Amino acid sequence: MGDAGLTDPVDAVVDKDRKLADHVPDRLRAIEDVLFSVVSDIYTNDARTASTVTANERDAIFHHVDDEDVFQFTSRNGEKRAMQIIVIPQDLLFSDIMRRWQVCPGFLDIVGAYGVKTNEDERVFYGWRESGGKDELCYNVPHVERHGRDLRDPWSLRQTACYHQHSSDTECSRWIMLNVSTSSRTKLDRFLDSEDTQCCDLALHARLLATLGRNWTAYIEDLTVALLEQDNKASYCSIDKSRENHSFTVTYHDLQDMHMLQTKIDCASVAVEACVEIGRNCLTHFEGNDGLLLICPTSRQSCRAKLGVYVSDMARHSQALQRLDRRLKGILDLISRVLMFRNEGLLQNFNRHSGDTLDALSAINQQSRIHQATLTQLFATVQADSVLLKNLGIVATVYLPASLVAARPKTVFSSNLIQHVAAASPAAEPQRLVLSPQFWTYVATSLPLMGLTLACTLFLDRRSRRRAVLEKVAAADEGIVSGTGAGTAFASTLPSHT
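Numbers in our numbering are just positions in the sequence shown, counted from 1, shifted up by 8.
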């Protein structure tokens, strides 16, 4: 290793940095559940307490690079002027690194941004400090990457943190990079392994920022294509709902798509503006600290130019996103007006059809009243005819015995009960009919039978009426039982003794 400070014991921490070390445990304790479960094992003790890991074990941890890395540390050897990437496995306690390198508390805020979040974190972390001949610079770069999953949106908004510590006494630099993607790490490896990597510290910052910002152009192009699709729908859709089959279809689902697109544009705008701020602050910081620009004076201008190009590109992306946001608001307003106009047309049609329906119901009601009056009149006529038929039936029943008696042989017209009175001349026609002296037998027989028949008819009619009255009373009693209970109904049916 080019830095002997990595193998020094913790007891060698000087008193002037103990105040900083006392603040670090409180800052790390808030994020220990997010990062590693072993952080609390270190920071619950005082910073002056000796580490439980021996120097040989720590050296073995630093030289063991086979495990998957959790944090990437880029160390600069002051003697050989060469860049090296050291992969730190999870076995090395992150808190031990923070304490040994005396990392500024501002970097802990950046680390805290990598915890579990319930919403988008739009905080921008950028800061540096100068203490005891040591410069520290840290920032959190938002960027976009293709996630490679089968989802509707192929992009995901990510963030990569960078920490740079430079000691002017030893001219040694230490780097911490968090959440570097595989592709970005490959590009940084190639950059550091190249033969012409004899540049200042600004070169690595410029290369890191340029590598992380390479996908913004493609991402903004995808947002533009999605917005253009909605623009075509809003511009060429039919206002009339009936003619929508021959044009673009606009529904409330498009408003939901526009809302999600607006959210993406807002997040991208915040991220790009953060990148612009980071690039400008890097330029300002390195221009005011020439001691950080160690070698190759001619390459300093090249690094500054590259970083300036990065800032210009990010500013151009920010302007493009602002234009997209203005276009999106206009398209959203147009789609809302189209849907509002359609809703008003549908409401007018609904009101018109409702009026027609009410008119039809009124006509049906009028016809029902006419039919009801006709049925009432018909019912009255049928009831009168029924009474007439009933009376005729009674009369026919009463005269039935007389008819039967008259139908017997040798009676009435077939007997001598009614006789013809002949004229004086035999050739003359009969003049009249006269009753036979025995006609009284017919009357004497028929009248009792008719009286008996009338009595039976009246008896049966009275009996049927009484039965109908009893049925009505029984029905009324059943209604009382169902309404007030069986006990009350039973009491109401008891005979009264008055």
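Don't be surprised by glycine CBs; every beta carbon is placed ideally from N, CA and C. Note that the structure is predicted; figures quoted are calculated from it, not measured.
Per DSSP, residue 110 lies in no beta strand (DSSP E) and is assigned neither H nor E.
A Cβ-Cβ distance of about 14 angstroms is found for the pair residue 263 and residue 234, leaving them out of contact under the 8 angstroms criterion. Counted as a single uninterrupted DSSP element, the alpha helix (DSSP H) harbouring residue 286 occupies residues 260–295. The beta carbon of residue 378 sits closer than 7 angstroms to no other beta carbon from its chain once the five residues preceding and following it are set aside.
Scanning 278, 259, 398 and 237 for the CA closest to the CA of residue 350 turns up 259. In the DSSP assignment, residue 168 forms a beta bridge with 149. The three-state secondary structure of residue 144, taken from DSSP, is strand. Residue environment for residue 148: buried (at least 16 other C-beta atoms within 10 angstroms of its C-beta). The shortest CA-to-CA distance from residue 405 to any of 279, 190, 455 and 104 is the one to 455. Rounded to the nearest whole angstrom, the CA to CA distance from residue 359 to residue 238 is 32 angstroms.
Looking at the DSSP output, residue 324 shares a beta bridge with no other residue. Short of 8 angstroms from the beta carbon of residue 288, and not among the five residues preceding or following it, lie these beta carbons of its own chain, in chain order: 319. Partner residues in the beta bridge of residue 163, as assigned by DSSP, are 154. Counting the other Cβ atoms within 10 Å of the Cβ of residue 281 gives 16 or more, which makes it buried. When secondary structure is reduced to three states using DSSP, residue 175 falls in the strand class. The criterion of a C-beta distance shorter than 8 angstroms is not satisfied by residue 169 and residue 105. Beta-bridge annotation (DSSP): residue 180 is paired with 175. For residue 219, the number of other beta carbons within 10 angstroms of its own is at least 16, and it is reported as buried.
Annotation: residue 192 to residue 184 spans about 15 angstroms, alpha carbon to alpha carbon. Pairing residue 265 with residue 361, the inter-Cα distance amounts to about 33 angstroms. For the alpha helix (DSSP H) assignment, the uninterrupted runs of no fewer than 4 residues enclosed by the region 343–425 are, from N- to C-terminal side, 408–414.
If you draw a straight line from the Cα of residue 383 to the Cα of residue 391, it comes to about 12 angstroms. Here the alpha carbons of residue 363 and residue 373 stand approximately 15 angstroms from one another.
Taking the Cβ atoms as the reference, residue 408 lies roughly 6 angstroms from residue 461, within the contact range of under 8 angstroms.
Residue 245 is bridged by DSSP to 256. Taking residue 153 as reference, the option from 179, 171 and 189 with the minimal CA-CA separation is 189. Straight across, the Cα-Cα distance linking residue 145 with residue 173 is about 6 angstroms.
Exclusion of the five residues before and after residue 228 leaves 276, 325, 328, 329 and 332 as the residues of its chain whose Cβ lies within less than 8 angstroms of its Cβ. Going by beta carbons, residue 322 and residue 284 fall inside the 8 angstroms limit.
Residue environment: residue 102 is assigned as buried (16 or more neighbouring CB atoms within 10 Å of its CB, all protein chains considered). Taking C-beta atoms as the reference points, residue 210 and residue 312 count as a pair closer than 8 angstroms.
The Cβ atoms of residue 290 and residue 213 sit closer than 8 angstroms to each other. About 4 angstroms separates the CB atoms of residue 242 and residue 342; that is less than 8 angstroms, so the two are in contact.
Check the Cα spacing between residue 334 and each of 292, 465, 348 and 236: the tightest is with 236. Close CB contacts of residue 221 within its chain, under the 7 angstroms cut and outside five residues either way in sequence, are with 151, 283, 318, 321 and 322 (chain order).
Collapsing the DSSP output to three states places residue 456 in a helix.
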